[in-house]
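Colleague: Structure provided below as structure tokens; questions to follow.
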Amino acid sequence: HVFSGKKTTNKVVSHLILVEPGEVFATPDPSLPDSDLRTLTTLCELINRELLMTIGWAKHVPGFSALSLVDQMALLQSAWMEVLVLGMAYRSLALSDELAVGGNLALCREQCRRSGLLHLHAALLQLIGKFRKAKLDREEFVVMKAMALANSDSTHIENTEAVLSLQDRLHEALQDYESEHHAEDPHRSGKLLMTLPLLRQTANEAVRTFCQIRLEGRIPMHKLFLEMLEAKI
Amino acid sequence: TERHKILHRLLQEGSPSDI
Numbered sequence: 004h005v006f007s008g009k010k011t012t013n014k015v016v017s018h019l020i021l022v023e024p025g026e027v028f029a030t031p032d033p034s035l036p037d038s039d040l041r042t043l044t045t046l047c048e049l050i051n052r053e054l055l056m057t058i059g060w061a062k063h064v065p066g067f068s069a070l071s072l073v074d075q076m077a078l079l080q081s082a083w084m085e086v087l088v089l090g091m092a093y094r095s096l097a098l099s100d101e102l103a104v105g106g107n108l109a110l111c112r113e114q115c116r117r118s119g120l121l122h123l124h125a126a127l128l129q130l131i132g133k134f135r136k137a138k139l140d141r142e143e144f145v146v147m148k149a150m151a152l153a154n155s156d157s158t159h160i161e162n163t164e165a166v167l168s169l170q171d172r173l174h175e176a177l178q179d180y181e182s183e184h185h186a187e188d189p190h191r192s193g194k195l196l197m198t199l200p201l202l203r204q205t206a207n208e209a210v211r212t213f214c215q216i217r218l219e220g221r222i223p224m225h226k227l228f229l230e231m232l233e234a235k236i
Numbered sequence: 012t013e014r015h016k017i018l019h020r021l022l023q024e025g026s027p028s029d030i
């Protein structure tokens, strides 16, 4: 990765580094012709596997499993696309104008245009540019991902206090990490938190795009992906 | 939870079989 972080003494950050899932690799169907349909089919299958990994990962976010099942569901149903988009943005930091959708699959602007993902490509590039400018490192990325999950603003949360406490714990971890490794910039954690609105905006654009793909019905979509999209409608 | 049965099951049991 472009910006490698440093060893941290913060237990939450080091735990999040430890439980960070490995890369997901695209498995394009060789029986399909190389087309926008194959790109989208590959992408939707990849997202389904990423969703599975994201749910598994969430259980390891410190404090998440202590929430009620209803609140765990509310956070994931609301924030799953933000988590996926942040992962894609982080993987794409080293690329120029391409989206690293999988460990072995990067989509250029033209491929995105042909597949109906042009708006999403533009939105993601803006987000990636912001993280690149900030030199987001791996430690910051894993904490931001957990914060995106905890900061879902779902209206279905039962125990608001418990979710706020999870947010506080992650915020403390970020501040702790920044004071340890970026003491030269006392505003750094604030700058990173200020990227969250653009992350949500980009994730909303992604949800809109895949809801449209679902409506068109040309691409097979797995059950989990469909269920999570339906939760956003 | 009926509408969100896969997520519910994955969180509760962690057994992906028909995803």
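First to last, the protein sequences are chains A and B.
Numbering-wise (this note's numbering), the first sequence opens with residue 4 and increments by one.
Numbering-wise (this note's numbering), the second sequence opens with residue 12 and increments by one.
Where is the CB? At the ideal position from N, CA and C, for every residue including glycine.
Chain B beta carbons: is any one of them nearer than 8 Å to that of K76 (chain A)?
Modeller: Position 73 of the first sequence, counted from the start, is the residue given in the question as residue 76 (chain A). Note on identity: in this sequence residue 76 (chain A) is Met, with Lys being the wrong assignment. So, interface residue.
Colleague: Can you tell me which of A:L55, A:T11, A:L46 puts its alpha carbon nearest to the alpha carbon of W83 (chain A)?
Modeller: Taking the first sequence and counting its residues from 1, one reaches residue 83 (chain A) at position 80. It is A:L55 whose Cα lies nearest to the Cα of W83 (chain A).
Colleague: Are the Cβ atoms of C115 (chain A) and L123 (chain A) separated by less than 8 Å?
Modeller: To locate residue 115 (chain A), count along the first sequence from 1; it is residue 112. To locate residue 123 (chain A), count along the first sequence from 1; it is residue 120. Closer than 8 Å, so yes.
Colleague: Spatial neighbours of E208 (chain A) within its chain, please: CB distance less than 8 Å, with the 5 preceding and 5 following residues excluded, ordered by chain position.
Modeller: Translated into positions along the first sequence, residue 208 (chain A) becomes position 205. Contacts found: H122, L123, A126.
Colleague: Grab the span of the alpha helix (DSSP H) containing A29 (chain A) for me, first residue to last.
Modeller: Along the first sequence, one-based indexing puts residue 29 (chain A) at 26. That residue, A29 (chain A), is in no alpha helix (DSSP H); it is neither H nor E in DSSP.
Colleague: Quick check: the Cα distance between L2 (chain A) and N154 (chain A), rounded to an integer number of angstroms?
Modeller: Absent from the model: residue 2 (chain A). The displayed extent of chain A is 4 to 236, so no value can be given.
Colleague: Taking V145 (chain A) as part of the alpha helix (DSSP H), name the residues at either end of that continuous run.
Modeller: Walking along the first sequence from the start, residue 145 (chain A) turns up at place 142. 141-153 is the extent of the alpha helix (DSSP H) around V145 (chain A).
Colleague: Can you tell which of A:E113, A:V146, A:M224 has the C-alpha that lies nearest to the C-alpha of T45 (chain A)?
Modeller: To locate residue 45 (chain A), count along the first sequence from 1; it is residue 42. If we check each option's Cα against that of T45 (chain A), A:M224 comes out closest.
Colleague: The beta strand (DSSP E) with G105 (chain A) in it runs from where to where?
Modeller: Counting from 1 along the first sequence, the entry for residue 105 (chain A) is found at position 102. Taken as a continuous stretch (DSSP letters only), the beta strand (DSSP E) holding G105 (chain A) covers 102-105.
Colleague: What number of angstroms, rounded off, separates the C-alpha of E164 (chain A) from the C-alpha of R117 (chain A)?
Modeller: For this step, residue 164 (chain A) is matched to residue 161 along the first sequence. For this step, residue 117 (chain A) is matched to residue 114 along the first sequence. Computed Cα separation, rounded: 46 Å.
Colleague: For R211 (chain A), count the other beta carbons within 10 Å of its own beta carbon; 16 or more makes it buried, fewer makes it exposed. Which is it?
Modeller: Sequence index remark: in the first sequence, residue 211 (chain A) carries index 208 (1-based). Exposed, because fewer than 16 other Cβ atoms sit within 10 Å of the Cβ of R211 (chain A).
Colleague: Does the CB of I160 (chain A) have a neighbour CB from chain B at under 8 Å?
Modeller: Your numbering for residue 160 (chain A) matches position 157 in the first sequence. For I160 (chain A), the answer is no, since every Cβ of chain B falls outside 8 Å of its Cβ.
Colleague: If the cut-off is 8 Å on Cβ atoms, which residues from the segment 19-52 of chain A count as contacting chain B, listed in chain order?
Modeller: Within the segment 19-52 of chain A, the qualifying residues are N51.
Colleague: Taking the alpha carbon of M150 (chain A) as the point to measure from, which residue in A:N107, A:C214, A:L79, A:H190 has its own alpha carbon closest?
Modeller: Taking the first residue of the first sequence as position 1, residue 150 (chain A) is located at position 147. It is A:L79 whose Cα lies nearest to the Cα of M150 (chain A).
Colleague: For L70 (chain A), return the contacting residues in chain B, with the cut-off set at a CB-CB distance below 9 Å.
Modeller: As a working note, residue 70 (chain A) is residue 67 in the first sequence. Those do not exist, as L70 (chain A) stays about 10 Å from chain B at its closest Cβ, beyond 9 Å.
Colleague: Whose C-alpha, out of A:D74, A:D171, A:A234, is nearest the C-alpha of E161 (chain A)?
Modeller: Position 158 of the first sequence, counted from the first residue, corresponds to residue 161 (chain A). If we check each option's Cα against that of E161 (chain A), A:D74 comes out closest.
Colleague: With DSSP as the reference, please indicate the residues paired to L54 (chain A) in a beta bridge.
Modeller: The residue given as residue 54 (chain A) occupies position 51 in the first sequence. For L54 (chain A), which the question treats as bridged, DSSP gives no partner whatsoever.
Colleague: Pick from A:E233, A:S17, A:S99, A:N107: whose alpha carbon is nearest that of L130 (chain A)?
Modeller: Here the question's residue 130 (chain A) lines up with position 127 in the first sequence. Considering only alpha carbons, the answer is A:S99.
Colleague: I need the DSSP call for L110 (chain A), collapsed to helix, strand or coil.
Modeller: Counting from one through the first sequence, the residue named residue 110 (chain A) turns up at place 107. L110 (chain A) falls in the strand class under three-state DSSP.
Colleague: Leaving out five residues before and five after W60 (chain A) in sequence, what residues of the same chain have Cβ atoms less than 7 Å from its Cβ?
Modeller: As a first step, residue 60 (chain A) is located in the first sequence; it is residue number 57 there, counting from the start. Same-chain partners within the cutoff: V22, P24.
Colleague: Can you check which of these residues, A:E48, A:T11, A:R41, is closest to F228 (chain A) by C-alpha distance?
Modeller: Here residue 228 (chain A) corresponds to residue number 225 of the first sequence, with the count starting at 1. Nearest option by C-alpha distance: A:E48.
Colleague: Quick check on F28 (chain A): buried or exposed, where buried means 16 or more other Cβ atoms within 10 Å of its Cβ?
Modeller: Translated into the one-based positions of the first sequence, residue 28 (chain A) becomes position 25. Exposed, since its Cβ has fewer than 16 Cβ neighbours within 10 Å.
Colleague: Could you name the residues of the same chain whose beta carbon sits closer than 6 Å to that of N51 (chain A), not counting the 5 residues immediately before and after it, in chain order?
Modeller: Counted from its first residue, the first sequence places residue 51 (chain A) at position 48. Counting only Cβ-Cβ distances below 6 Å, and skipping sequence neighbours, we find H225, L227, F228.
Colleague: Do the CB positions of A206 (chain A) and V88 (chain A) come within less than 8 Å of each other?
Modeller: For the purposes of this step, residue 206 (chain A) is taken as residue 203 along the first sequence, with counting starting at 1. For the purposes of this step, residue 88 (chain A) is taken as residue 85 along the first sequence, with counting starting at 1. Against a cut-off of 8 Å, the Cβ pair of V88 (chain A) and A206 (chain A) comes out as a contact.
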